[in-house]
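Residue numbers (the working numbering), protein chains in the order written: chain A, 77 to 563; chain B, 77 to 563; chain C, 77 to 563; chain D, 77 to 563.
Yeah, the Cβ is synthetic: ideal placement off N, Cα and C, and Gly gets one too.
What follows is a set of notes on a single structure, which appears directly below.
Number of protein chains: 4
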Amino acid sequence: MIGREFSPHDASNLRPDDTLLNSPCDKPREACGIVAVCGHPEAAKLVYLGLYALQHRGQESAGIATLHDGKIHVHKGSGLVADVFDDAAFKRLPGHVAIGHVRYSTTGSSLEANAQPLVANYRGGGMAVAHNGNITNAALIREELEQRGAIFQSSTDTEVLIHLVAQAGTSDFNEALFMALLRLRGAYSMVILHRDQLVAVKDPRGFRPLCFGRLGDAYVIASESCALDIMNAEYLRELAPGEMLTYTGGQLQATRPFPPTEPAFCVFEYIYFSRPDSLAQSHAIYEYREGLGAQLALEHPADADVVIAVPDSSIPAAIGYAHESGIPYAMGLIRSHYVGRTFIEPDQAIRDFGARIKYNPVRSVLEGKRVVVVDDSIVRGTTSRKIVNMLRSAGAREIHMRISAPPWRNPCYFGIDTPKRERLIAATVGDVENIRQFVGCDSLGFLSLEGLLRVVPRTQQYCTACFTGYYPPGQAPVGEFDKKILE
Amino acid sequence: MIGREFSPHDASNLRPDDTLLNSPCDKPREACGIVAVCGHPEAAKLVYLGLYALQHRGQESAGIATLHDGKIHVHKGSGLVADVFDDAAFKRLPGHVAIGHVRYSTTGSSLEANAQPLVANYRGGGMAVAHNGNITNAALIREELEQRGAIFQSSTDTEVLIHLVAQAGTSDFNEALFMALLRLRGAYSMVILHRDQLVAVKDPRGFRPLCFGRLGDAYVIASESCALDIMNAEYLRELAPGEMLTYTGGQLQATRPFPPTEPAFCVFEYIYFSRPDSLAQSHAIYEYREGLGAQLALEHPADADVVIAVPDSSIPAAIGYAHESGIPYAMGLIRSHYVGRTFIEPDQAIRDFGARIKYNPVRSVLEGKRVVVVDDSIVRGTTSRKIVNMLRSAGAREIHMRISAPPWRNPCYFGIDTPKRERLIAATVGDVENIRQFVGCDSLGFLSLEGLLRVVPRTQQYCTACFTGYYPPGQAPVGEFDKKILE
Amino acid sequence: MIGREFSPHDASNLRPDDTLLNSPCDKPREACGIVAVCGHPEAAKLVYLGLYALQHRGQESAGIATLHDGKIHVHKGSGLVADVFDDAAFKRLPGHVAIGHVRYSTTGSSLEANAQPLVANYRGGGMAVAHNGNITNAALIREELEQRGAIFQSSTDTEVLIHLVAQAGTSDFNEALFMALLRLRGAYSMVILHRDQLVAVKDPRGFRPLCFGRLGDAYVIASESCALDIMNAEYLRELAPGEMLTYTGGQLQATRPFPPTEPAFCVFEYIYFSRPDSLAQSHAIYEYREGLGAQLALEHPADADVVIAVPDSSIPAAIGYAHESGIPYAMGLIRSHYVGRTFIEPDQAIRDFGARIKYNPVRSVLEGKRVVVVDDSIVRGTTSRKIVNMLRSAGAREIHMRISAPPWRNPCYFGIDTPKRERLIAATVGDVENIRQFVGCDSLGFLSLEGLLRVVPRTQQYCTACFTGYYPPGQAPVGEFDKKILE
Amino acid sequence: MIGREFSPHDASNLRPDDTLLNSPCDKPREACGIVAVCGHPEAAKLVYLGLYALQHRGQESAGIATLHDGKIHVHKGSGLVADVFDDAAFKRLPGHVAIGHVRYSTTGSSLEANAQPLVANYRGGGMAVAHNGNITNAALIREELEQRGAIFQSSTDTEVLIHLVAQAGTSDFNEALFMALLRLRGAYSMVILHRDQLVAVKDPRGFRPLCFGRLGDAYVIASESCALDIMNAEYLRELAPGEMLTYTGGQLQATRPFPPTEPAFCVFEYIYFSRPDSLAQSHAIYEYREGLGAQLALEHPADADVVIAVPDSSIPAAIGYAHESGIPYAMGLIRSHYVGRTFIEPDQAIRDFGARIKYNPVRSVLEGKRVVVVDDSIVRGTTSRKIVNMLRSAGAREIHMRISAPPWRNPCYFGIDTPKRERLIAATVGDVENIRQFVGCDSLGFLSLEGLLRVVPRTQQYCTACFTGYYPPGQAPVGEFDKKILE
């Protein structure tokens, strides 16, 4: 069933509140993950596996579209990949070329109508798009398109692209697509089906990851290399910023059609988003995360007995901190992985209950100890505060919180679901001492920007806007950005 | 979840085969039913009741859209009305103005993406449309719109209308809507939400029914009066062909903006589609159906012992036949009403099994008797044949089949789901004797066209194209019509 | 999922209120229907078909048990037959011998734990029982069994039988079963699986129907012959009171082990319960129902313009009344068959809404007319009153209600779900004039007991306790009976 | 819906194959977890939280029973705790006393009919039991009970207990319960509801854990202390072997009714089953697991570059190994936590696919390295072999597998779901060198029994039968034990 709410200028948010229960709460959230497989008889099932491996990049909806005899077939729905697809779905997804998508919403409320791949017909035929990123001038283009008589059935920025292709005034799809892409600002790593071809493209800044590999005669394109691993595909390389891959007639061809510009890869992919076993510059993200922890230990040493992580994402950094500092690493917090969709909260107030459902402290590790607790970000500060409470109740004598990233002060416009600036504790409370007081720990240290950039590969240029406020020129939206601006 | 299949020129049909199990098979099928309620605090729930009463007009999907504070809210899904809506759905459907829709597909495969009301945004704001009928030039207009760069996300003819409104080149919605409607050919009874108003409109020929009534200060508009009865609303009258009702600011206003033309009300609504308790010209359809049966008795008398109906739709005609002929009426076939969605067929061949699931003969009524069996149509002939078999096995000595309509020889383009001409037995097998032989009864009589027109109200002009092949000029599609032409 | 509530002496009733929406409310309700097939490779699927045909005898749960290699397999659940079974279920139901059950609760709340066939292991092996009827001394036997240390996991009377077999003190199953049956009072038509055999048995009074037939080499046993028809099986005959059929080694053997006693077949099966196409004494029930209507016309003629039925069950009697009286029969009430499980009621009070969801009057049949409305029973009187209201609103000038049964004054203890005496209007309000005033019709006539017995076959003796209060000696429960007495 | 298969002596196993996808396969599996809350107005919801925390002890079904006004209410079903319960379920679970259960099957196929708490009525009233453990003489007692005429509706060993209570020949429940318990051999930690009281009892050997604590005026009893933590309850202590707690009239009373015997606490709770944050002798299990890893490093050092764990259960032992050996710990395998119920496997053979869905190696940690991989058990050896393959493909130069337990050679009869001896690689292949060859690693070391017993608390005596074959006298079943022996 479909439930949507439409309004030209605004819409109340139908998404349930962010809570500790159903989301990696109080964490930045990746917008999406995408996968494509071309030239394989089981294309849809392989895309499914790839989406499964990318599930951490989006848990609200999943979808797959395939190409078969020039027609596009699609199946999508709300929920986890393993819940949306069943055998019957795959019967309706024939073809050797397939694309897939998992999402959190960045633009568009998280409703089923906005699930991707987005599919539409225009005079050139059918077209399907799966998009990771955020087009920052989508509202402007949409207004312009509406002035020219276009109608919109979703509130995703991706629908804008299909309109631009349809109105491009040329019957050559590739030309029309390129003309449309030239209009877009912001971040897009995309895979697109049309007639007998698949196109993968990364925006000229290269904000979001996109890599490709080979599986026998087939090709696989995915947001992260872990999606290739699950299929046993061979990793070839990351797409360059502005690079476009075109698969047609069994051949994959790479071009770089955009004028060169300064790259701006999202540095947060190293810190938090990407899976630790995914590759960046042919090294696993894991290694860089350990490096961030080690750097953090150099910058913010602590006189402590034990190093623990806020599981799971901060474990590599905590191990790195432990190795560098010589303080032993231990599991001080256990994380539950059974949090389900329908978890019923107790009526009575149990202190720190939300956090307690997800984490439980290990008293024997903590009792009477001076504890370094490593996390990879502080967003609103409320979860950190609950964790500090929980550690103290379990007997921790001192709590030294160490964050393997600089303070997060600015919203991201390029594909990450972040709260408004007013809710970012580092933007409002300001200095580290004030944050420390709010969180309630004994000391607090953030990794420096210099430290961060020392660890991550130098072969690349980064977008660090969330820390620095420096947005790559021309890419940030004009005026205040609201992810539901298109509704 | 949404599963769609897209293709510019064609698409394989995803609908399960027509079977006796899940549909009033081997019967013409009504396209849709629509309801609107304006000016009532429980508008969505009343529309729900209305859709429930109109369930016979479409069982594949149901949907409701409401207007609240200038925004459109919508909930729709596959299945019966009582299955698609629950309490949670109504919480998301606030507002005093609501429209609703139940459907079989006429254009567009019967997939969830094509469920109505269709909702979209354009520069004038949000718009929701529920449509009963069939726009016969939709493919041509769509091609033209695609040439101008439009994209299509459904395969319904209704999407065309929204595009036409969006491209009308005027910011006055009512003007834009009227300009758009002028472009349409074929059949449409529609209800439309936009900003703060509701519009109901019937095409100038008036193919499909649409009536309205009053419930306290509120107004109700519906395909049939039975939808008003269930709400206890007072019936006012049928809309005239080409009439438009506009509800805004608590007032309902009627206009007749179209140039006058010859009306062509679907005569099959009298024969089969409408519920017998619905009104036509302020008389219940029931009465006319009895009249058809009586006329049939005059035209095709039979020397018989008992008159039976193929239940449920043919019962009034059978009663009429019995009264006129003086032959007693009895229930010779019992119909089961528990046929569910997931009925499992036995693997082994049981003769006439499909019919047996739905009907069971009453031996004591039939044994040794000369039986008149009244039905309201023969489409492919296969079900009639099974019924004749079944009656013979139950001991009927003679079987005289009487059909309360003329032979159906031509496809309907105006909102009824009919097979292609090649599958209409009256179009292929041709004369009545040949049909009789196929069906296997002892005699067979169809109501004459003259007889039909003698019974139905003379105050109106009818479309009889399915019997005569005479399509109202300019309304039939150019070239071969295929209900999936838009996919 | 299973939800149960247990308590030794009492339990709140978890069943939703009787409403017009989900049940043939304000009607007596049959307890159950049973089917068995033996000697057929698709035994489970045939039983499924049979249950489907018996769906009118119970809509709360359905179940099938099969015998395969000496083991019993079972699948059961809440809901309609077509909803409980799917392909996967049949894969788990192998074997050539199968029994099945549909139920309303008579004893035992209508919960999934009480769904039948009831299956248990005892020292003799596995045993499965499907039971239609009501054992009136079950509570006494249960108490005795509990005193001897038995435990009970359901609140059905059927569990008592399995305990009696298990404790019979003989290893011969047939002997044990017979000894157990001798302990039982009340009504039971049962089919039982054990090791390599199937037993069907009807209690010595023969309260509830049970017939059998042949399908090729296989045998079919069922509550009504309509279950044989749907399989295309040949009807052989009704089991005699106290008759037992035993199927083993491919042979079906009939015995009459009980001492002879006076039969007491439920006369209400003729009036209301059985499907009109089922056979009684090799004539269809339909014929007797027409006869009841004709007799009613003789006893309670009316000066009227039209005869209508409360559909569907009263249609044959109304036709009989019409034929006898010469007053034309017409459809004055249309019944909706789409009432679903989750129907949402409107918040606002709409007068007679509940009835309106199920029935709609046909104004043109009723307006200005003197109407005879035939129904087959008045239980609490509330529905009759709503119907009378509805007919008056539709313009009926006079309303003459005719009931094709005597007034129902006494609870049934033998397998029919009846309200307590306090809720039977004929038991409380008493005389017919008072009932007429409550119901609001212009005249009211009940069929006389003599009239009833004149119509039904004289070859049989009947239980008429619901009308007369004369319960077959020794069969009624001692003390006040409560259908949840076993919880 | 309920689907069961019954047979006196045998039954085919309906459980899906153990696969990597849906279970911590190739691992021993805990039978069950139990929780009780007494004296709290939200007893059912607190039990729900407790079951949630114990989800690792059983994921096949979940259930809660409450006591309210002397009646027992129950809700149970297949699946995870968060899937089985919703708001409606809690409305049907009133009362201040509640017990709950999560299960894997040990005896009884994993079918819904066997879900616990098991509820039955006997002459003393209603009784509900939730049981962790395995009664080794259940089949014998059952045979004896069946000889005396008892019937069985489940295939759980727990049903035996209820029968024994029912047949105890005394009306004093506590006396009857104690007499019944005296008949049982094997392992049981149980919570029981009856009339107005709750009883918790641990068998005299104390095989399985059971602890209790306080939450305000209420008491909480649970398999592990992590269930107390999630409710914020205060841990009091572990029950002694043979200890019984009785809650009635707001008071909790402890007794030790059994004659003293030699305790035999399951040592595998330390190695694998219990959550690392649960307490044993008031120290977290985590600490002992680190200790096992450290001991393993002493016994089986390796000349290696990195220590990795098979996540998640072996992480503490790997950290302990790393600390003791000085070799750095790293995350060499990433585990996915999104494995869902309906995961669709690809049709084509992908090498080691099953393992790949669950684990992905981190190439940069492994490439060119000599790797110590720590796991906590080898059952069949197949998963270890896949992991070794995976590590080699990711570039590991040497693989030294270290197991933080002795070789597992004997089946457990006391509540753990283990394969038959023939499938235990350590029982069949025999010596460590042969296992090493099968697994394919470069070296393999198991912790010694002495080492194990050196690490775990000396204050207790252990059951080590799985390693030693020494079963506590009189507790192992006579003859070959089969967990489906009762079907």
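- Message: Report the start-end ranges of each alpha helix (DSSP H) in the segment 341-426 of chain C that is 4 residues or longer and not cut off at the edges.
- Response: The qualifying runs are 361-375 and 391-401.
- Query: Which one of A:LYS121, A:LEU143, A:GLN273 and A:ALA385 has the shortest CA to CA distance from A:GLN327?
  - Reply: What you label residue 327 of chain A is simply residue 251 of the first sequence in a count that begins at 1. Closest in alpha carbon position to A:GLN327, among A:LYS121, A:LEU143, A:GLN273 and A:ALA385, is A:GLN273.
- Query: Is C:THR322 near C:VAL275, with beta carbons less than 8 Å apart?
  - Reply: Position 246 of the third sequence, counting from 1, holds the residue named residue 322 of chain C. Position 199 of the third sequence, counting from 1, holds the residue named residue 275 of chain C. Contact flag set, yes.
- Got a sec: is the Cβ-Cβ distance from C:CYS302 to anything in chain B below 8 Å? Position 226 of the third sequence, counted from the first residue, corresponds to residue 302 of chain C. Interface annotation, C:CYS302: in contact with chain B, CB-CB separation under 8 Å.
- Along chain C, which residues have their Cβ under 7 Å away from the Cβ of B:HIS399? Here residue 399 of chain B is taken as the residue at index 323 of the second sequence, counted from 1. What B:HIS399 touches in chain C: PRO404.
- Message: Please tell me whether D:VAL386 has its Cβ less than 8 Å away from any Cβ of chain A.
- Response: As a first step, residue 386 of chain D must be located in the fourth sequence, where it is residue number 310. By this cut-off, D:VAL386 is not an interface position.
- Beta carbon proximity, D:GLU509 to chain A, threshold 8 Å: Taking the first residue of the fourth sequence as position 1, residue 509 of chain D is located at position 433. By this cut-off, D:GLU509 is not an interface position.
- Exposed or buried, C:ALA164, counting other C-beta atoms within 10 Å across all chains shown (16 or more means buried)? On the third sequence, position 88 is the one that residue 164 of chain C refers to. Looking at its Cβ environment, which holds fewer than 16 other Cβ atoms inside 10 Å, C:ALA164 is exposed.
- Can you tell me which of B:TYR435, B:THR494 and B:ALA470 puts its alpha carbon nearest to the alpha carbon of B:ARG456? As a working note, residue 456 of chain B is residue 380 in the second sequence. Its Cα nearest to that of B:ARG456, the residue B:THR494 stands out among B:TYR435, B:THR494 and B:ALA470.
- Answer with yes or no whether the minimum CB distance from B:PHE166 to chain A is below 8 Å. The residue you call residue 166 of chain B lines up with position 90 of the second sequence. Taking 8 Å as the threshold, the shortest C-beta distance from B:PHE166 to chain A does not fall below it.
- Is any beta-carbon of chain D found at less than 8 Å from that of C:SER83? Taking the first residue of the third sequence as 1, we reach residue 83 of chain C at position 7. Low confidence applies to C:SER83: its pLDDT is 31, below 50, so where it sits in the model is not reliable, and the reading given next is rough at best. Yes - at least one Cβ of chain D is within 8 Å of the one on C:SER83.
- Query: Buried or exposed: where does B:GLY325 fall if 16 or more other Cβ atoms within 10 Å of its Cβ makes it buried?
  - Reply: For the purposes of this step, residue 325 of chain B is taken as the residue at position 249 of the second sequence. Exposed: under 16 other Cβ atoms inside 10 Å.
- Mind checking if D:VAL464 is an interface residue toward chain A, Cβ cutoff 8 Å exclusive? By 1-based counting over the fourth sequence, the position of residue 464 of chain D is 388. At a cut-off of 8 Å between C-beta atoms, D:VAL464 does not count as an interface residue with respect to chain A.
- Let me know if B:GLU235 comes out buried or exposed under the rule of 16 or more other beta-carbons within 10 Å of its beta-carbon. Residue 235 of chain B sits at position 159 when you count from the first residue of the second sequence. Burial call: buried.
- Query: Secondary structure at C:GLN243, three-state DSSP: helix, strand or coil?
  - Reply: Indexing the third sequence from 1 puts residue 243 of chain C at position 167. Three-state DSSP puts C:GLN243 in coil, outside helix and strand.
- Query: For A:PHE318, which residues of its own chain have a beta-carbon under 6 Å away from its beta-carbon, when the five flanking residues on both sides are left out?
  - Reply: For this step, residue 318 of chain A is matched to residue 242 along the first sequence. One detail in the question is off: residue 318 of chain A reads as Gly in this sequence, not Phe. Cβ within range, chain order: PRO280, ARG332 and PHE334.
- Query: Is the Cβ of C:TYR198 closer than 8 Å to any Cβ of chain E?
  - Reply: Structure shown: chain E not included; protein chains present are A, B, C and D.
- Query: If you pair each beta-carbon of the segment 231-246 of chain A with each one of the segment 163-177 of chain A, do three or more pairs fall below 8 Å?
  - Reply: Short answer: they don't touch.
- DSSP on B:GLY184, reduced to helix/strand/coil? Sequence index remark: in the second sequence, residue 184 of chain B carries index 108 (1-based). Note that B:GLY184 scores a pLDDT of 48, beneath 50, so its modelled location is shaky and nothing firm can be said.
- Query: Can you tell me whether C:VAL56 is buried or exposed, with buried defined as 16 or more other CB within 10 angstroms of its CB?
  - Reply: The displayed coordinates of chain C run from 77 to 563. Any statement about residue 56 of chain C would go beyond what the structure contains.
- Message: Could you check whether the Cβ of C:ILE217 sits closer than 8 Å to any Cβ belonging to chain D?
- Response: Stepping through the third sequence from its first residue, residue 217 of chain C is reached at position 141. In terms of beta-carbon proximity, C:ILE217 stays away from the interface with chain D, with every pair separated by 8 Å or more.
- Task: Name, going along the chain, the residues of the segment 237-256 of chain D whose beta-carbon falls closer than 7 Å to a beta-carbon of chain C.
- Result: Residues of the segment 237-256 of chain D with a C-beta less than 7 Å from any C-beta of chain C: ILE238, HIS239, ALA242 and GLN243, listed in chain order.
- Item | Among D:PRO285, D:GLN537, D:GLN229 and D:TYR198, nearest to D:ALA252 - alpha-carbon criterion | As a first step, residue 252 of chain D is located in the fourth sequence; it is residue number 176 there, counting from the start. Proximity to D:ALA252 across D:PRO285, D:GLN537, D:GLN229 and D:TYR198 peaks at D:TYR198, based on C-alpha coordinates.
- So A:THR331 is in the beta strand (DSSP E); what residue range does that whole segment cover? For the purposes of this step, residue 331 of chain A is identified with residue 255 of the first sequence, where counting begins at 1. Per DSSP, A:THR331 belongs to the beta strand (DSSP E) from 327-331.
- Message: Contact between the segment 342-359 of chain C and the segment 397-404 of chain B is defined here as three or more beta-carbon pairs at a separation below 8 Å; is this criterion met?
- Response: In this structure the segment 342-359 of chain C does not touch the segment 397-404 of chain B; the number of beta carbon pairs closer than 8 Å is below three.
- Going along chain D, which residues have a C-beta under 8 Å from C:ALA119? Residue 119 of chain C sits at position 43 when you count from the first residue of the third sequence. Taking the beta carbon of C:ALA119 as reference, no residue of chain D falls within 8 Å; the closest one sits roughly 16 Å away.
- Query: Taking 8 Å as the CB-CB limit, is B:GLU345 close to chain C?
  - Reply: Your numbering for residue 345 of chain B matches position 269 in the second sequence. No, its Cβ sits nowhere closer than 8 Å to a Cβ of chain C.
- Message: Does D:TYR546 pass the burial test, meaning 16 or more other C-beta atoms within 10 Å, or should it be called exposed?
- Response: Residue mapping note: residue 546 of chain D aligns to position 470 of the fourth sequence, counting from 1. Exposed, by the Cβ-count rule.
- Which one or two residues does DSSP pair with B:CYS539 in a beta bridge? Looking up residue 539 of chain B in the second sequence gives position 463. DSSP lists B:CYS342 as the beta-bridge partner residues of B:CYS539.
- Under the rule that 16 or more other beta-carbon atoms within 10 Å means buried, what is B:ALA330, buried or exposed? Looking up residue 330 of chain B in the second sequence gives position 254. Exposed, by the Cβ-count rule.
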